[in-house]
Structures are given as C-alpha cells and as structure tokens.
Amino acid sequence: MSETQDSLVGKLTTDRSQLDWRPYVYLLPAFVMVAIFLAYPLVDTFLLSFQEVVTLGGETRWVGLDNYVAVVTDPLFWVAAKNTLIFSVGMIVLPLVLGLGLAMAINRGIEGRSFLRSLIFVPVVVPIVVAGIVFSWLLSPNGLVNWLLTTAGVIEEPARFLNSTTLSLPSVMLMVLWKRTGYYMVILLAGLQGLPDDVYEAAKIMGKSRWAMFRHITLPLLKPAILITLVLGIIDTVRAFAHVYVMTGGGPSNSSEILSTHFYQVAFGYFNFGKGAAYGFILFGMALVFSTIAIKLSGGTEI
Amino acid sequence: MEIQLHDITKRFDELVAVNDLSMTIRDGEFLTLVGPSGCGKTTTLRMIAGLETPTDGIIEFGGEDMTYASPQERELAFVFQAYALYPHMSARKNMSFALEHTDISEEEIEQRISETASMLGIEEHLDKNPPALSGGQQQRVALGRSIVRDPEIFLLDEPLSNLDAKLRVKMRAELQQLHREIQTTTIYVTHDQEEAMTMSDRVAILNNGDLQQIDTPEVVYSQPANRFVAGFIGSPSMNFLDCRFEESSGTIQTDAFTIEAPSEASGDITTLGVRPEELTIVPTRDGDFSAEVTVFEQIGAYNIIHLAVDGLDEGIVAQVDGSKHFDAGDTVGVDIDPKHVHLFDANDEAVYNPPLASEESTALV
Amino acid sequence: MSVTDVFATDQDGFPWEQIVRYVAVSLAALFVLVPLYWMVATSLKDPSQIGIFPPTLVPSPATVEPYFEAWETGPWGQWFLNTMLISGGSTIVTLAIATPAAYALARFDFPGSNPIYLLFLGLLMIPAQILLIPLYNLLSTLGLVDTRLGLILVYSTFFLAFSIFLLHSFMTNLPESLEEAARIGGIPEWKIFFQVILPLVKSGLTATGMLIFVFTWNEFLFALTFLKSEQLYTISVGLQSFQGIHGATVYNQLFAMSTLATLPVIILFALFSEQFIEGIAGLEMQ
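Residue numbers (the working numbering), protein chains in the order written: chain A, 1 to 303; chain B, 304 to 668; chain C, 669 to 954.
See below:
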C-alpha cells in the first residue's frame, strides 16, 4: 500500500520532465524572427487590406472589401494576370521541358557530366539585374540578336524587341529561360540519378521502346522531382519582379506588365498602400491555389 | 548497481512494445535479453538507458527512481549495434570526449585511455578516425569509449551483429573476459540465442513484449517455462508433436507412437517436446518408432538428420554423433528417453521438464 | 551489359542518340555562354565599338578603360562593400538561426513538430513582396529603413524557411545513435549540437550558406525598396540606377560593372559548385 503511494508520488513529481524542452529552445530564435518579420507584417498587411490611408500622417479608415474590389476591377490587373499566365510558360513550362531534356541528355553516356551540369547551371547564379541588362543589350535594335537574324535573312529590318507590344514579353521570357533552365535541370538530374539502373535494363531486355521507357518508367519515377519544380516555378512566377522591371519596366503600354510589377506600381508607384495590401493577398492566394492544384493534379502527397 | 524494473509498459501509439515487465538485474551480473525481432528487448534496454520513457511503470537503479531521468543523469554506458562512433573524431577523441567536461584530470583521462586501449588491443589505432578502422576495431573503440567512463551499468545492444561469424565468436569470449575483469552490471541484448546462452549469468527471454522466462542458461535450456522458450532456445529447435496423455496407462500417445509418460506427468497435456539431441537413433526394431531419413546434414562434430514419420504431418529433426552417417531413404529406429521429454498444456505452458543435468549428476554422486 | 551501352547506340549500331545528345548539350552550352561572352566582350570595347551595326564580335582594340571610367561614375566600391556586408551578414544570421531550428525538427520527436514543419513549408509559399508595405512600416518604426542591418534582418527571415528545409535534409540522414551515444556519455546538449552534429553537416552548412550568399547578392526588389540613400545601394540597385541614368550610351561601362558584379558569385560557384548543386538538388529530397 505505502509502496504504491510512494511510487505514485515519485511519478507525479517526475512527470513534468517528460515534456522535452530542448527542441523548443532550438526553435526559439527562428520563431522570434518569423514572428517579428513575417507573422506580424502578414497580419498587418491583412488588416491594411481592409483600410484606406486617408492622411499623409498615415491615418486610416476601414473600407471593408473596397480595396479587393478596386484591385479586381482595375483593368490593368487583368492585363497583368493574362501576361503572368503567358510569362509562366517562360518561367515554368519551357525551362522544365528543356531542363528535363538536358537532364536526360547528360545523365548517362556523356563525357564530363559534372562539368556540363555546372556550366548549364551558371546563369542561375548570375544576378538577375545583370541578366536583364545583358539581354536588353542583346535584343536592342543594333544588338547581337538583330544582327544574327538580319544576317540570316530571317527578318529584313532590325526588330525593336523591347519596344514592341507583341515582342516585349517574349523577350523577357527568353532571359528567364536562360536563367532557369539550369535550375530545373539540376533538380531533375538529381531525380534521374535516384532512378535505379536495373529498371532500365529490365525494360530494355523486355524490348521496350525508348518512348515507352520514358513514358512508363522515367516520367512516373520522376514525378516527385517534377512536382517540386512545378511548385517552385509557381511561387517564383508570382514573385518574379526584377525580370520584367529591369528589361521593360512593364512596357510598352503595359504589354509586359505582370502581376508582380503591377502590384509594385500600385503600392509604391501610387502609394496606395491599402489597395497594395489587398493586391498582395490576392497574389498570396494565387500562389497557394496554383501550388495546391499542381500538387493535386500530379496526385502527389509528398508535400 | 542493481536495476529493478517494476511493471514497465511501453506503448508506441497502438503497438505495445513492452508489456508489464518486471525484473531485477543483480549487481555485477551479466544478463541477456533475448528474443525474436520486435519482442521488446531493445525497447527495454533503451528505457533503462533513458532513450525511451516508459508509458507506465518504474525503473530503479540501486533503489533510486530513475524512470524519467535523462540519459546524461544515469551515468551508464551503452554500446550500439552500429557502434555510433563519432566519424569526425579520432578513436582517442571518441574515447575522451565524454570525459572532457567532467572534473577528471587530463593525466587521468590519458591513463584510462591507454589502459583501456591496451586491454582491447587498439593502441596503434588510437589516432585513426572510425571510417579508417575495420568493423572489429570500431567495435573495440566503441567498447573502449564505454569502459573509460567506468560506468556502474553497461548496456550492449546487439553489439556483435555487424561482425562476421568468426570475429563474432572471438568477441564473445573477449566480452565475457571483459565482464570478469570489470565486474559491472551488464545487460546485453541479442536475437541470437547462442550468444545469450554462452555469455550470460542469466537469460531473459521476451516475446511480443512479454517476459517469458528469466533464469540461468542451464535452466532455460533444460526447463523452459513454456513452448516459446523451448522452441527459441537450442539449435536445432526442439521438435513439437501433438499428443494425448493417457492417465490410466501412464502413457503419452502421438499419432505415430506411444511412449511411457514420466511419473511426474499429470493434467491436460497436448504437446510433446523433444530436443533433437535427446533423440537416440537405434536399429529399427529397438526404437519407439521407425522413421525415414529425408535429409542428412553433415556438420562435423555432430550431424543432423531430418526424419519423416508415418502418421505425423511434420518431420522431426534429430542430432547424432559426428561419426554417424546416414543417407536419405534410410529407415531408422528412434528412441525417446521418457525422462528427457518436455510436456506442454493447451496454453503452451510447461507441465513437465526433465531435471537439470547438474542436479542429476549430483544425485548420482 | 551496362546502362551506358544500352543508351549509347541503337540496335543497328548507328549512334544517332549520341549525336542528338551532343548536339542538344552543345546548343545549350552556346545559349548559356553567348550572353556571358557578350557581356565581357562589350565591357572591353572602346566607345567607338558601342552602338554600331553590325556589332563587332571580338573587341578590337580590347581595352580595360571602361572599367576605370565606370568606377569614377559612382560609389561602386561602397556598393560592392555594402553588398558584401549585407550578403555576408544575412548568411551568418540565417545560418545561426536556421541551424538549431533544423536540428530541432530533424532530430527531435516532440509535440507540434509536424505542424511546425508544415508552418515553415507554408512560409516558403508567401510571395515575399506582399510584405513590402508592412515591413517598410515596421522597419521605419524600428529605425531600420535605409540601413544595412534592416535589410539583413529581412533577408534572414525570408531565407530562413528555405535554409531550415535544406539543413533538415542534411541532418535527417545522420544516424540517431550518434546523439544517443553522446547523451548516454553525459555530454551536455550544447556540446552535442556544436561538436557532434555541426561537424557532420559541414557540407550542408556550406551548401546552404553559399546559396543564401548568392541569392542575397542577387536580390533586387527589397534592396531597391528599403535602401533609399545612394551610399547604401547594393550592387544590383547601383547597376540599375546607372542604367537608368546613363541609358544605352555607355554600355561598355555598364557591362564592365556588370562583369564585376557577377564575378564574385561566379567565383564562389566555381569553387563550390558541388555544394551548390547538392544544395539545389537537396530541395528535391524534401
């Protein structure tokens, strides 16, 4: 009897040591950082999205959903949304396809794989502003591209790529393709290297065609890697700013304006902070929704 | 240091890894926890080490409640299956690392390391990093790392399972000798019943989280508490045959033969157990029953024959002297000594076991 | 038969697949190199070769004069120093905060570990620029607008989740028994972290650190928004303002400075390309 009581007491007093405080201590600095510089601003911007700044001193008043309405009724928003959709082809689809092709090309049976991988990755580390400046120059009326195209007889007169409403966005996309292909390639290459050799040998022995191998072995096994690139691509598309800002500034006549640059224009060009905050949340929502759709569509639960 | 486990239970979500386990590990003894994988032996060891917390129950070291003490507070040593040496530190640093923050002087640390290293024969490897050492050498460094701390309790988790067979036998003897020298309470976990039998003062057999039996190797071999222990301890395994106990005639009847029951036999007996080494192969006419040799395994010191018996669904295994040779197809007689059988009831509990060999010999004297 | 053989030649023996492979890779290499070549080549041209059509493919005469001329046009040395301080500072602060957090998430099983992991994953999804306005307000309250420290803190927060994930992937692969051995050995927690875990994830720390350094070196939007005085510009903002002021007239100078701005990251990448790639590829493991 007394023994059970003793042991009960012993248990009660030591029970609290069961909560392991160590991980929380290790996480504390990160929590503080996130709370101050992410969570607080996020809440702040959320509240701001329902307010209007009425005086220069920063006084505000509540306006309900007016800011959101203002964003979605802004015709430029829809122009930017359409441009962003086109832009995402350059941010995601093209570099993904090219990156996958290159990853497969250098994965096996080629000399100097690791050198080639590094070489194709180089544009990823080049500052975006530098990339923008270089491509602006390459695409300028008396730049290298026009010289090549006129010499080859593709066009007669040098094109004004960045000043053309039809060519400005594709011009930016060309730079983006240059910058991102290596990025996707490296991720997909890592995925390819995780694929077991014997699967291919078995398929080869069974006489499967290359297309069948690609379609039924490579692609399914690569799905997690492709999913990652998709999600990263979507987030980066919503974030992309300097790409357009440096090369075209969104012009001419908003022909290359994307959501991110338009957002910047609204928030900092016109100093409409309330509308800017609402715009920001719309962007956030888009990133979330499209990432979720990408994950759902590929049937992946990895994330 | 004496270790007591009181009603220890460990649940991982739905899974009960250890179920209401109580045992006392005596000061200075070498106790082995043995059982098939998933039996709870490693979990038990990890709870003693403080790496897991019991869901229920109390762990005491020398009478002091240590159930929730951190591993750091327990001052014991643990040798891991994969050694867990710090790969970025030399063997010497691996051994001194745990002593550096204590108040043990540098000279003392040096002394302990060189003594331990010479005891383990790793003096010339002290300045190498673990990846440069062989498995056996890594194992010795891991032991050395534990020994230099001069712990009160020594825990070993399948420390030999990553070594090749030959080295394993050698290390087995070395560990026994080591234990004799340092005389520390030692708990050793293995799934290998042979290791358990050869090294331990006592063996605790676990299955599905339940303690089956805890006793000396001799007792768990000769007098297994139940059918699980009987089948787990000993190699090749004990033969089990369905049987009936005829109380009136004092016989045990199987589908193939009838033998005299031991005089102590009583009650509801459903299984007859006979160890392969307790079966005697005799000319056909002298046996309790005859059988056909299906497979003959030449081992050397002894040989093993697999037998098919008319009327029995499953074959039985017998161990014979190394000088005896049989061919598949031979018909032999099998003799069972009624004193050396094991009888189990419907719950697989032992109702009769033969006397211990040690007791038998004393009785004869 | 090795896989290399399987893929090297077609059944009929003609290595058309090899040819496609080499052509594709050569085109890709050309695509990568031409803009970089053009940048360096232009930076070595004298004004007479700028803006003429057809362009001169190889600078002749080649001159380093544009580098010196451009250097005089603005506080470039200061801008490089700023970028160095901001990138270096962000790298250190991020690693200092992300490493213990990754350690907690990778090596401990505790109530809330999963939600916290998912929370950090969610943070990755926030398009950073939507926080520009409130962060601007916050930094002004703290007196950190237009300071290097302010930018360092913002960068460190934004790269935190990314770094935690990357380090997490390096840490989860270590055997658990290492820490257990240390704990049983009576080693204090801080010593386990610093002397057992950290040395074993050195390559992960290098990879993460390099990536943060390069990303922050190249970041533009936040630098553009939070750094107001010219004295505090990063190299990207400096380049952009130089382009804005001087337009297309002095492309040789603009490219001289672009080359200088790119050089540090290219050198870093050349030195640590394995770690970089391992780091980027590490994302895939999540």
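Beta carbons: idealized from backbone N, C-alpha and C, even for Gly.
Per DSSP, the bridge partner or partners of residue i
i        : result
His645/B : Gly576/B
Tyr655/B : Leu646/B
Ser538/B : Paired residue(s): none; Ser538/B is not in a bridge.
Leu544/B : Leu575/B
Trp684/C : For Trp684/C, which the question treats as bridged, DSSP gives no partner whatsoever.
Leu509/B : Leu514/B
Met326/B : Leu308/B
His428/B : Paired residue(s): none; His428/B is not in a bridge.
Val337/B : Thr493/B and Ile508/B
Chain-ordered neighbours of residue i on chain C, where CB pairs are closer than 7 Å
i        : result
His391/B : Pro867 and Leu868
Pro462/B : Correct list: empty, because the minimum Cβ distance to chain C is about 12 Å.
His494/B : In chain order: nothing, as chain C lies at least about 18 Å away.
Leu288/A : Met793
Thr45/A  : Ile798, Leu799, Ile801 and Pro802
Beta-carbon spacing of residue i, residue j below 7 Å
i        : j        : result
Ile628/C : Gly269/A : This structure cannot settle anything about residue 628/C, because the visible part of chain C is limited to 669 through 954.
Ser758/C : Thr927/C : no
Thr347/B : Leu336/B : yes
Met968/C : Leu288/A : Absent from the model: residue 968/C. The displayed extent of chain C is 669 to 954, so no value can be given.
Ile177/A : Leu94/A  : Rather than Ile, the amino acid found at residue 177/A in this sequence is Leu. Cβ distance < 7 Å, so Leu177/A and Leu94/A count as in contact.
Ala769/C : Ala35/A  : no
Leu835/C : Ala766/C : yes
Asn650/B : Val623/B : no
Pro454/B : Leu379/B : yes
Ala696/C : Leu102/A : yes
Phe457/B : Thr487/B : yes
Ser253/A : Thr165/A : yes
Pro158/A : Pro170/A : no
Gly636/B : Pro586/B : yes
Interface residues of chain A facing residue i [CB-CB closer than 9 Å]
i        : result
Thr824/C : It should be pointed out that residue 824/C corresponds to Ser in this sequence rather than to Thr. The contacting residues are Met33 and Phe37.
Thr874/C : Residues of chain A passing the Cβ test: none, with the nearest at roughly 15 Å.
Under 8 Å by beta carbon: chain C residues contacting residue i
i        : result
Trp178/A : Phe699, Val700 and Pro703
Trp147/A : Phe721, Pro722 and Pro723
Phe241/A : Gln797, Phe888 and Leu889
Leu27/A  : Pro768, Ala769, Ala772, Leu773 and Ile784
Arg452/B : Gly853 and Gly854
Phe381/B : Glu848, Ala849 and Ile852
Ser260/A : Pro795 and Gln797
Short CB-CB distance (under 7 Å) between residue i and chain F
i        : result
Phe315/B : Given the protein chain composition of this structure (A, B and C), no chain F is represented.
Chain B residues whose Cβ lies nearer than 7 Å to that of residue i
i        : result
Gly854/C : Gln375, Glu378 and Ala401
Val864/C : Tyr389
Listed by chain order, chain B residues near residue i by CB distance under 9 Å
i        : result
Val813/C : What Val813/C touches in chain B: nothing, since even the nearest Cβ is about 44 Å away.
Under 8 Å by beta carbon: chain B residues contacting residue i
i        : result
Arg851/C : Gly353, Leu354, Ser373, Pro374 and Gln375
Closer than 9 Å at the beta carbon, the chain C residues around residue i
i        : result
His404/B : Gly854, Ile855, Pro856 and Lys859
Legend entry - Residues within the segment 757 to 777 of chain C neighbouring chain A, beta-carbon criterion of under 7 Å: Ile765, Ala766, Pro768, Ala769, Tyr771, Ala772 and Phe776
Legend entry - the segment 696 to 728 of chain C: positions lying closer than 9 Å to chain A by Cβ: Residues Ala696, Ala697, Phe699, Val700, Leu701, Val702, Pro703, Leu704, Trp706, Met707, Thr710, Gly719, Ile720, Phe721, Pro722, Pro723 and Leu725.
Legend entry - Short-range partners of chain B found in the segment 876 to 899 of chain C, where Cβ spacing is below 8 Å: Listed by position, the residues of the segment 876 to 899 of chain C near chain B (Cβ gap below 8 Å) amount to none.
Legend entry - Inter-stretch contact (C-beta, 8 Å, three-pair minimum) for the segment 305 to 322 of chain B and the segment 463 to 475 of chain B: no
Inset, instruction - For the segment 237 to 248 of chain A and the segment 83 to 92 of chain A, state whether three or more C-beta atom pairs, one from each stretch, are separated by less than 8 Å. - result: yes
Inset, instruction - Report yes or no: do the segment 887 to 901 of chain C and the segment 807 to 818 of chain C share at least 3 C-beta pairs separated by less than 8 Å? - result: yes
Inset, instruction - Below 9 Å between beta carbons is the criterion; list the residues of the segment 731 to 745 of chain C that meet it against any residue of chain A, in chain order. - result: none
Legend entry - Touch test, the segment 195 to 204 of chain A against the segment 214 to 228 of chain A, Cβ-Cβ under 8 Å, three pairs minimum: yes
Legend entry - Three or more C-beta pairs below 8 Å linking the segment 578 to 595 of chain B and the segment 532 to 545 of chain B: yes
Inset, instruction - Quick one: which residues of the segment 834 to 849 of chain C get their C-beta closer than 7 Å to a C-beta of chain B? List them in chain order. - result: Correct list: Pro843, Ser845, Leu846, Glu848 and Ala849.
Legend entry - the segment 508 to 522 of chain B / the segment 480 to 487 of chain B touching (three or more Cβ pairs under 8 Å): no
Inset, instruction - Examine the Cβ distances between the segment 433 to 453 of chain B and the segment 381 to 397 of chain B and report whether three or more of them are shorter than 8 Å. - result: yes
Inset, instruction - Give, in chain order, every residue of the segment 119 to 142 of chain A whose Cβ lies closer than 9 Å to some Cβ of chain C. - result: So the list reads Leu119, Ile120, Phe121, Val122, Pro123, Val124, Val125, Val126, Pro127, Ile128, Val129, Val130, Ala131, Gly132, Ile133, Val134, Phe135, Ser136, Trp137, Leu138, Ser140, Pro141 and Asn142, given in the order they occur along the chain.
Legend entry - Contact between the segment 618 to 638 of chain B and the segment 548 to 556 of chain B (3+ Cβ pairs under 8 Å): no
Legend entry - Three-pair Cβ contact test at 8 Å for the segment 527 to 537 of chain B versus the segment 354 to 373 of chain B: no
Legend entry - Cβ pair count under 8 Å reaching 3, the segment 243 to 258 of chain A against the segment 126 to 134 of chain A: yes
Inset, instruction - Assess, as a yes-or-no matter, whether the segment 775 to 788 of chain C is touched by the segment 728 to 748 of chain C under the definition of 3 or more beta carbon pairs within less than 8 Å. - result: no
Inset, instruction - Answer yes if the segment 458 to 466 of chain B comes into contact with the segment 376 to 390 of chain B, meaning at least three C-beta pairs across the two stretches below 8 Å, and no otherwise. - result: Between the segment 376 to 390 of chain B and the segment 458 to 466 of chain B there are three or more C-beta pairs closer than 8 Å, enough to call the two in contact.
Legend entry - the segment 921 to 939 of chain C contacting the segment 733 to 741 of chain C, beta-carbon criterion three pairs below 8 Å: Taking one beta carbon from each stretch, the segment 921 to 939 of chain C and the segment 733 to 741 of chain C have 3 or more pairs nearer than 8 Å; the two touch.
Inset, instruction - Report yes or no: do three or more beta-carbon pairs, one from the segment 430 to 438 of chain B and one from the segment 878 to 891 of chain C, lie closer than 8 Å? - result: The answer is no - the segment 878 to 891 of chain C does not touch the segment 430 to 438 of chain B, with fewer than three Cβ pairs under 8 Å.
Legend entry - the segment 899 to 907 of chain C in contact with the segment 743 to 751 of chain C per 3-pair CB rule at 8 Å: yes
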